[in-house]
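In my numbering, the protein residues as written are 4 to 222.
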């Protein structure tokens with residue numbers, strides 16, 4: 004049986020969540036988000052989870068070796084027998100190298116890396132246009148999905164606001180961090196001949212069709 008051991012990469016605002024949902028639905032593999040995985044490991048008080056908690060409680064970054072241990076534990080769960088979709092990890096070259104080493108130890112390897120490419124100006128437009136309702140938390144977009152009355156939620160009449168991490172300065176800073184730390188992974192995986200570059204400037208449905216074509220048919 005074919006294994007779909009997948010990684011999805013992309014800058015903030017590239018629509019990774021939407022594409023991840025489509026991949027999970029099509030291929031029947033679990034969506035493994037690093038943030039969720041860390042929280043679950045802490046909640047379940049696994050050995051690695053307790054180790055991670057020491058750093059999280061101090062507001063520090065969890066070291067790579069602890070994250071890798073949590074990823075390894077997760078990938079050995081029965082629901083990953085057909086494959087997995089890793090999201091949010093690896094973020095750096097050292098993490099990718101550690102992941103390759105760990106996967107080799109459990110006789111697996113990365114089958115395909117989906118890199119969603121979107122230019123910075125489009126990402127800034129997408130992210131800075133997001134607004135959230137203070138009352139019902141409904142999301143809107145001032146360009147792509149504007150409210151009927153500016154600043155007012157269509158659903159409940161609450162006030163719409165912009166999150167601090169959606170301001171232009173913060174968005175550009177997040178994109179710069181991505182370009183410096185995570186984008187080099189595209190070249191890293193290109194050398195392994197597993198990268199698929201996907202045009203993320205298209206409509207989400209068209210992006211998903213390209214993603215599925217890159218991964219291949221469900222066997």
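All C-beta atoms in this analysis are idealised placements derived from N, C-alpha and C, irrespective of residue type, glycine included. Just so you know, these numbers come straight off a predicted model, no measurement behind them.
Residue range of the alpha helix (DSSP H) that residue i falls in?
| i | result |
| --- | --- |
| residue 75 | 67-78 |
| residue 211 | 207-218 |
| residue 188 | 187-193 |
From the options, pick the residue whose C-alpha is nearest to that of residue i; which is it?
| i | options | result |
| --- | --- | --- |
| residue 66 | 55, 110 and 128 | 55 |
| residue 188 | 40, 101 and 34 | 101 |
| residue 204 | 106, 91 and 128 | 128 |
| residue 75 | 63, 64, 41 and 61 | 41 |
| residue 139 | 148, 123 and 160 | 160 |
| residue 38 | 172, 10 and 70 | 70 |
Would you check if the distance between the CB atom of residue i and the CB atom of residue j is smaller than 8 angstroms?
| i | j | result |
| --- | --- | --- |
| residue 45 | residue 34 | no |
| residue 185 | residue 111 | no |
| residue 116 | residue 199 | yes |
| residue 174 | residue 131 | yes |
| residue 24 | residue 90 | no |
In chain order, what residues of the same chain have a beta carbon less than 8 angstroms from the beta carbon of residue i, not counting five sequence neighbours either side?
| i | result |
| --- | --- |
| residue 96 | 187, 188 and 191 |
| residue 126 | 14, 15, 16, 17, 174 and 178 |
Excluding five sequence neighbours on each side, which residues of the same chain lie with their C-beta closer than 7 angstroms to the C-beta of residue i?
| i | result |
| --- | --- |
| residue 164 | 134, 135 and 137 |
| residue 7 | 30, 32, 85, 86, 114 and 218 |
| residue 207 | 18 and 21 |
If you follow the beta strand (DSSP E) that residue i is in, where does it begin and where does it stop?
| i | result |
| --- | --- |
| residue 155 | No beta strand (DSSP E) contains residue 155, which DSSP labels as neither H nor E. |
| residue 127 | No beta strand (DSSP E) holds residue 127; the alpha helix (DSSP H) holding it covers 123-131. |
| residue 174 | That residue, residue 174, is in no beta strand (DSSP E); its alpha helix (DSSP H) goes 171-180. |
Leaving aside the five residues before and after residue i along the sequence, list all residues of the same chain whose C-beta is less than 6 angstroms from its C-beta, in chain order.
| i | result |
| --- | --- |
| residue 4 | Model confidence at residue 4 stands at a pLDDT of 45, short of 50, so the residue's coordinates are unreliable; what they give is reported in the following sentence. There are no such residues. |
| residue 58 | 65 |
Taking only runs of the alpha helix (DSSP H) that begin and end inside the stretch 9-91, which ones reach a length of at least 4 residues, in chain order? 19-30, 37-46, 50-60 and 67-78
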